[in-house]
Structure formats: structure tokens, C-alpha cells
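What the sequence shown shows, in my numbering, is residues 299 to 411, in sequence order.
Note that the Cβ used here is the ideal one computed from N, Cα and C, for glycine as well.
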Amino acid sequence: MSEDTQGASMDRKLQEISAVGRKLEGMDTAMSALTAETRSMCLEIASFQTQISGLDHRVAAVESQVILQIDRDQELLYLRSKLTDLEDRSRRNNIRFLGFPEGIEGTDILSYL
């Protein structure tokens, strides 16, 4: 009987080893799936990084254009104030003679006065 007991014990151990082998095969399959999914995610991350890099360049270009536009707006305001000042100064130098009909001076204003 001891041989039968040893044989049964060996059979159980072989079954346990076989079960462990099947579990390892299942784990290997799961690891392969995880590896494939990880590679896929890495490719997506690389794609996102490329897109983000492109967007960074576009944002930098827009920011530089905004800075240029702000400078131009400030220059425009400055030039408008200068123009207004020059127009006002030009009006100050105009002399108006009231009470004379239009065109009475003829072609030579200085000799008429």
C-alpha cells in the first residue's frame, strides 16, 4: 500500500505542478497582453508629445504676434496724439478776418492788407 500511497502522492504532485504550469502560461499570456498595451500607450504618448510640441510653437508664434500688436497699438496711440497736437497747433496759426466778403483780396492777400 505504501507504493499506492506514494503513487497517489506523486500523481497529486504532478497535477499540482501541471496546474502551476497552466497558471504560469495564463500569466505569460496576460503579460504579453500588458506589454502590447503598454507599447500602444507609449506610441500614443509619443504622438501627444509631438502634437504638444507643435502647439507650443504655434502658441509662441501667436504670443510674439500679440507683443508686436501691442507695440504697434502703443505707437499708433502716440502718433495719434502727435497728429492731434500738430492739428491744434496748425489751427492756432490761422488768422481769421471777419466782416470782409469772400474773395475781396484777389490774388495777393498781403497787398490788400
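Are the Cβ atoms of residue i and residue j separated by less than 8 Å?
i, j, result
"Gly404", "Tyr410", "yes"
Taking the C-alpha atoms as reference points, what is the distance between residue i and residue j?
i, j, result
"Leu374", "Gln367", "10 Å"
"Asp383", "Arg356", "41 Å"
"Met329", "Glu335", "10 Å"
"Cys340", "Ala306", "50 Å"
Whole runs of the alpha helix (DSSP H) within the segment 341 to 411, excluding any shorter than 4 residues: When DSSP assignments are scanned along the segment 341 to 411, the uninterrupted stretches of alpha helix (DSSP H) that are 4 or more residues long and fall wholly within it turn out to be 407 to 410.
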